[in-house]
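Trainee: Would you mind keeping the following structure in view while I ask a few things?
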Amino acid sequence: MCNNLPSHANSIFVNIAVIGGGAAGYFAAIACAEANPACRVTIFERGAAVLEKVRISGGGRCNVTHACFDAHELVRHYPRGSRELLGPFMQFGPTNTVEWFEKRGVQLKTEADGRMFPVTDDANTIVRCLQNAALKAGVALRTGARVERLVPMPDGKWQLWLT
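Be aware that the sequence shown starts at -2, since it is given in our numbering, and climbs by one per residue.
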C-alpha cells in the first residue's frame, strides 16, 4: 500500500519515480498509477518537452507496434535477447498494445508490411492519448528535471538528486 507523503519546500515526495518522459516512461507511469491509485507517481523529464521521439517516429505518423501476434514468432525478429523477451512478449504483446490504445479511443490500422499506425496517420494522436491517460491516472510531470543521481536511503527508499 502506498503512503501519500507531504512535500517540503525544497523536496518532493513520491511513491514511484519514473525517469524519462518518452513513450516507455509514460506507459510505465500510467500502468503504475492505474494499478496503484493511492500512489503518487511522477515522471521526471530532463528536457522541456515530453514524447518528442513519438512525435517524429514513423515519419510523424508513429509506428505503434507490429502486427505479429505470436510471441514465439515476434522474438525471432530480435536476434539479441530473444530468449529474454519471450516472457515479456507473452505477458504484454502487440495484441495487448492494440487493446490498450483502443480502450482509450485510438484506432490502429495495419499496413501491408505489418507496421501499425493510428488511423489518423498523426503521431500527435498517440501523444495526446498518452498524455490524457497519464492525466486521468493522476500522474504528475516534472520537466526540466534532470536526475543527477539516485541515493539509497537506510529506510529502503531512494533519494533523487535533480539538476
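All C-beta atoms in this analysis are idealised placements derived from N, C-alpha and C, irrespective of residue type, glycine included.
(1) Does the stretch 116 to 129 come within contact of the stretch 97 to 107, defined as at least 3 CB pairs closer than 8 Å?
(2) According to DSSP, is MET150 part of a helix, a strand, or is it coil?
(3) Which residue's Cα is closest to the Cα of GLY55: ALA21, ASN121, CYS65 and CYS36?
(4) In chain order, which alpha helix (DSSP H) runs of at least 4 residues are fully inside the stretch 24 to 58?
(5) Measure the C-alpha to C-alpha separation of GLU49 and GLY19 and round it to an integer number of angstroms.
(6) Grab me the residues of VAL116's own chain with a C-beta within less than 6 Å of its C-beta, minus the 5 sequence neighbours each way, in chain order.
(7) In three-state terms, what does DSSP make of THR140?
(8) When DSSP labels each residue in this structure, what does GLU145 get in the three-state scheme?
(9) Give a yes or no on whether the C-beta atoms belonging to HIS74 and ARG112 are separated by under 8 Å.
(10) What does the alpha-carbon distance come out to for the pair GLY78 and ALA14?
(11) Between which two residues does the beta strand (DSSP E) harbouring GLN156 extend?
(12) Going by Cα to Cα distance, which pick from GLY84, ALA109, PHE66 and GLU81 is closest to GLU96?
(13) Could you tell me which whole beta strand (DSSP E) segments of length 3 or greater appear in the stretch 82 to 119?
(14) To the nearest angstrom, how far is it from the Cα of ILE27 to the Cα of ALA109?
Mentor: Based on what the coordinates show:
(1) yes
(2) coil
(3) ASN121
(4) 49 to 57
(5) 7 Å
(6) GLN104 and LYS106
(7) strand
(8) strand
(9) no
(10) 27 Å
(11) 155 to 159
(12) PHE66
(13) 105 to 107 and 112 to 115
(14) 31 Å
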